[in-house]
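Here is the structure we will look at.
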Amino acid sequence: MASQRPSSIGAELSATGVGRRHRCFQFVIGILVTAGLLFVFRSPLLRCLAAPLVISESSPMATTMLILGGDLRFDEAAQFCREDLHRHVLLEESPRGRLVRLGILPDPVELGRKELTRRGVRGDQIDVVSWTDPEDSLDMELSRWLHEHPQAQVIVVCEAFSSREIRWRFDRELPRLLARRLAIRPLHHRSYDLSNWWHSKPGIMLFVRSWLGLILPAIQSKESRTWRECNPELFTPAA
Amino acid sequence: MQSRVIHTGGVISTRSRLWYRWCRRLALATVALSLIYLLSPIALRWIGGWLDVGERLSTPVDCVYVLGGESSTRPFMAAAIYRAGYTRQILIPEGLPAVDEFLPPEHQIQREVLLARGVPRESIQLLSGSVDSTRDEARILGAFLASRPDATIAVVTSDFHTRRTRMIFRKRLPGSRDRLHFIATPTDGFGRENWWRFKDGVLWYTFEYIKLCRELFR
């Protein structure tokens, strides 16, 4: 009896070792299979990850198009105005950055006017919603504009991946009745869209930026996000 | 009767032990979460600050090399170095066309900023090579240094980008280690003390850590 005990313990230990090795093997196989499946189905998976960022709404009675961004935005607006000569285009005038103030980058409103005129849009069809005070915001100014134009139905054209973020922002910041007068039209970039965004650096950056744009406002207070320009006059390169 | 009392006592004792264990877990979780909440600004500031290895210039350098990107700040720092008399030449890498067709390419913006800040045209040199990354920028600086082997260079980039830049440039240009200085430029809107509050701050700092890890394994 005494001689049998150590061998039974050895057998138990060996069985435990085999069981552990077996579990380990199963784990590795599981990881490899998962990785393989992720690799094989990467395209639909990545497409699914980006799909919630894009929202498209229709507004058949639209009278105005607000340009917030997107590739070929001026062509889209010119086409919108060509379909009905009573329609208007709304440009956003935000606080001008340092490079615009220095005249190095074009002023977005001047650029918008120039490009729209070049595409056949009349000057009286172009309107500007202006918020030049950094403490102000587009939402506040847009709310004011919608109150002043009670008949207006607005299509907002923007970069496709930012469309959900913009929709959420309007829903959060504007009264419900005003927010419902805005419809989002996403514009995909010519070099990347939902089906291939992960192939280009700007596409990846925009994808991450857009998800952060959805997540961060939900967990942060507005005051903590106040953006300030630094002052280059204070740059001191020397010791 | 006796056995019943003992049995009930056992149940009570097991329940109270479970209750005590859950209370302890809850208390530990509360303490841990409170500590994370209280210490997170300190930790996040440290995480942001770790990326910044920028130096201050103590002696003049032959050239200042402004890396592409953040054109609203980096060329301003290069111009400040020039105006302080620490260099006579500024190098800018030739970048790719902008994603937005209505914007000029990066190197054109940088050149315009330098001119606007009083740097003479003849002091600005464009290094050709259509760069798309920091590694490309190191590569074309290497080509420039081949013709100027003794030149000292101040590499100007954003504060959160200095550590990775230093790593890449030292790896790609091992012979120039002592001749390269890395100058940090503040970023518009956010810095090490508040980067986690901004969309672009989270984006840039997170990407910087990811790229830093990628660079370690290259």
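For the record, the sequence lines run as chains A and B.
All residue numbers in the first sequence are consecutive under the working numbering, ending with 284.
All residue numbers in the second sequence are consecutive under the working numbering, ending with 1044.
The beta-carbon is built from N, C-alpha and C at its ideal position, and this holds for glycine as well.
Legend entry - Residues near residue 63 of chain A by beta carbon distance below 8 Å, same chain, minus five either side: By one-based count along the first sequence, residue 63 of chain A stands at place 18. Correct list: empty, nothing qualifies.
Inset, instruction - Please specify which runs of the alpha helix (DSSP H), each continuous and at least 4 residues long, are wholly inside the region 242-267 of chain A, giving them in chain order. - result: 246-264
Legend entry - Boundaries (first-last residue) of the beta strand (DSSP E) holding residue 172 of chain A: For the purposes of this step, residue 172 of chain A is taken as the residue at position 127 of the first sequence. Residues 171-175.
Legend entry - Residue nearest to residue 888 of chain B in terms of C-alpha spacing, selected from B/868, B/1012, B/1006 and B/954: Translated into the one-based positions of the second sequence, residue 888 of chain B becomes position 62. Answer by Cα proximity: B/1006.
Inset, instruction - Identify every run of the beta strand (DSSP E) within the region 857-920 of chain B, keeping only runs that are complete inside it and at least 3 residues long; order them along the chain. - result: 889-892
Inset, instruction - Say whether chain A places a C-beta atom closer than 8 Å to the C-beta of residue 1014 of chain B. - result: As a working note, residue 1014 of chain B is residue 188 in the second sequence. With 8 Å as the cut-off, residue 1014 of chain B counts as an interface residue toward chain A.
Legend entry - Status (buried if at least 16 other CB within 10 Å, exposed otherwise) for residue 326 of chain A: With chain A running from 46 to 284 in the structure shown, residue 326 of chain A is simply not present.
Inset, instruction - Can you pull the chain B residues whose beta carbon is under 7 Å from the beta carbon of residue 242 of chain A, in chain order? - result: In the first sequence, residue 242 of chain A corresponds to position 197, counting from 1. Here the premise fails: no neighbours, minimum Cβ distance about 13 Å.
Inset, instruction - Taking C-beta pairs closer than 7 Å, name the residues in chain B that residue 258 of chain A reaches, listed in chain order. - result: For the purposes of this step, residue 258 of chain A is taken as the residue at position 213 of the first sequence. Those are 1025, listed as they occur along chain B.
Legend entry - Cutoff 6 Å; reference residue 227 of chain A; Cβ partners in own chain excluding five residues on either side: Taking the first residue of the first sequence as 1, we reach residue 227 of chain A at position 182. Excluding sequence neighbours, residue 227 of chain A sits near 199, 201 and 215.
Inset, instruction - Go to residue 1085 of chain B, then tell me how far its alpha helix (DSSP H) extends in each direction, as first and last residue. - result: Since the displayed chain B opens at 827 and closes at 1044, residue 1085 of chain B lies outside it and no answer follows.
Legend entry - Neighbour list for residue 142 of chain A in chain B, Cβ cutoff strictly below 9 Å: As a first step, residue 142 of chain A is located in the first sequence; it is residue number 97 there, counting from the start. Going along chain B in sequence order, the residues near residue 142 of chain A (Cβ under 9 Å) are 898 and 1014.
Legend entry - Own chain partners of residue 142 of chain A with C-beta closer than 6 Å, once the 5 adjacent residues on each side are dropped: As a working mapping, residue 142 of chain A is identified with position 97 in the first sequence. Cβ contact annotation for residue 142 of chain A (same chain, cutoff 6 Å, sequence separation greater than five): none.
Inset, instruction - Would you kindly report the start and end of the unbroken alpha helix (DSSP H) that includes residue 951 of chain B? - result: For this step, residue 951 of chain B is matched to residue 125 along the second sequence. From DSSP, residue 951 of chain B is part of no alpha helix (DSSP H) but of the beta strand (DSSP E) over 950-957.
Inset, instruction - Helix, strand or coil for residue 166 of chain A, going by three-state DSSP, please let me know. - result: On the first sequence, residue 166 of chain A is found 121 positions in, with the first residue counted as 1. The answer is coil: DSSP assigns residue 166 of chain A none of H, G, I, E or B.
Legend entry - Limits of the alpha helix (DSSP H) - the one that residue 211 of chain A falls within: As a first step, residue 211 of chain A must be located in the first sequence, where it is residue number 166. From DSSP, the alpha helix (DSSP H) with residue 211 of chain A extends over 208-218.
Inset, instruction - For chain A, find out if any of its Cβ atoms is closer than 8 Å to the Cβ of residue 827 of chain B; answer yes or no. - result: Sequence index remark: in the second sequence, residue 827 of chain B carries index 1 (1-based). Here residue 827 of chain B scores only 42 on pLDDT, less than 50, and its place in the model should not be relied on; the value that follows carries that caveat. No, because no Cβ of chain A sits closer than 8 Å to the Cβ of residue 827 of chain B.
Inset, instruction - Identify the contact partners of residue 925 of chain B in chain A, using a Cβ-Cβ distance below 7 Å as the criterion. - result: Reading the second sequence from its first residue, position 99 is the one you call residue 925 of chain B. Result: 247.
Inset, instruction - Flag this pair as yes or no: are the beta carbons of residue 1013 of chain B and residue 985 of chain B separated by less than 8 Å? - result: In the second sequence, the residue the question calls residue 1013 of chain B occupies position 187. In the second sequence, the residue the question calls residue 985 of chain B occupies position 159. Yes, these two residues count as a Cβ contact at 8 Å.
Legend entry - Distance, residue 991 of chain B Cα to residue 207 of chain A Cα: Taking the first residue of the first sequence as position 1, residue 207 of chain A is located at position 162. Taking the first residue of the second sequence as position 1, residue 991 of chain B is located at position 165. So the two alpha carbons sit approximately 30 Å from each other.
Inset, instruction - Evaluate residue 126 of chain A with the Cβ neighbour count: other Cβ atoms within 10 Å of its Cβ, from every protein chain shown; 16 or more gives buried, anything less gives exposed. - result: Residue 126 of chain A sits at position 81 when you count from the first residue of the first sequence. Buried, by the Cβ-count rule.
Legend entry - Residue closest to residue 1001 of chain B, alpha-carbon to alpha-carbon, out of B/869, B/902 and B/967: By one-based count along the second sequence, residue 1001 of chain B stands at place 175. For residue 1001 of chain B, the nearest C-alpha among the options comes from B/967.
Inset, instruction - Take every Cβ of the region 116-133 of chain A, pair it with every Cβ of the region 73-88 of chain A, and state whether three or more of those distances are shorter than 8 Å. - result: no
Legend entry - Buried versus exposed, by CB contacts within 10 Å (16 or more), residue 988 of chain B: Residue mapping note: residue 988 of chain B aligns to position 162 of the second sequence, counting from 1. Flag for residue 988 of chain B reads buried.
Inset, instruction - Give the DSSP-derived three-state secondary structure of residue 979 of chain B in the structure shown. - result: Here residue 979 of chain B refers to the residue found at position 153 of the second sequence. Strand.
Legend entry - DSSP state of residue 185 of chain A mapped onto helix, strand, coil: What you label residue 185 of chain A is simply residue 140 of the first sequence in a count that begins at 1. Residue 185 of chain A: helix per DSSP, three-state reduction.
Inset, instruction - Answer with buried or exposed for residue 951 of chain B, where buried requires no fewer than 16 other C-beta atoms within 10 angstroms of its C-beta. - result: As a working note, residue 951 of chain B is residue 125 in the second sequence. Flag for residue 951 of chain B reads exposed.
Inset, instruction - Would you kindly work out how many angstroms separate the C-alpha atoms of residue 285 of chain A and residue 94 of chain A, rounded to a whole number? - result: Outside the displayed range of chain A (46 to 284) lies residue 285 of chain A, so it cannot be described from this structure.
Legend entry - Spatial neighbours of residue 911 of chain B in its chain, beta-carbon cut-off 6 Å, leaving aside the 5 residues before and after: Here residue 911 of chain B is taken as the residue at index 85 of the second sequence, counted from 1. Nothing meets the Cβ criterion.
Inset, instruction - Specify the secondary structure class of residue 1008 of chain B as computed by DSSP and reduced to three states. - result: The residue given as residue 1008 of chain B occupies position 182 in the second sequence. In the structure shown, residue 1008 of chain B sits in a strand (DSSP, three-state: E or B).
Inset, instruction - Provide the residue(s) that pair with residue 232 of chain A in DSSP beta bridges, ordered along the chain. - result: For the purposes of this step, residue 232 of chain A is identified with residue 187 of the first sequence, where counting begins at 1. Paired residues: A/204.
Inset, instruction - Between the Cα of residue 265 of chain A and those of B/839, B/925 and B/1021, spot the shortest distance and give me the residue it belongs to. - result: Within the first sequence, residue 265 of chain A is the residue found at index 220, counting from 1. For residue 265 of chain A, the nearest C-alpha among the options comes from B/1021.
Legend entry - For residue 1019 of chain B, the three-state DSSP class (helix, strand or coil): Here residue 1019 of chain B refers to the residue found at position 193 when the second sequence is read from its first residue. DSSP places residue 1019 of chain B in coil when its eight states are reduced to three.
Legend entry - Rounded separation between residue 971 of chain B and residue 977 of chain B - CA only: The residue given as residue 971 of chain B occupies position 145 in the second sequence. The residue given as residue 977 of chain B occupies position 151 in the second sequence. Rounded to whole angstroms, residue 971 of chain B to residue 977 of chain B spans 7 Å at the Cα level.
Legend entry - residue 840 of chain B versus residue 865 of chain B - alpha carbon distance: Mapped onto the second sequence, residue 840 of chain B falls at position 14. Mapped onto the second sequence, residue 865 of chain B falls at position 39. Each residue's Cα considered, the two are about 37 Å apart.
Inset, instruction - Report the option in B/1043, B/900 and B/907 whose CA atom is closest to the CA atom of residue 144 of chain A. - result: Here the question's residue 144 of chain A lines up with position 99 in the first sequence. Measuring from the Cα of residue 144 of chain A, the nearest candidate turns out to be B/900.
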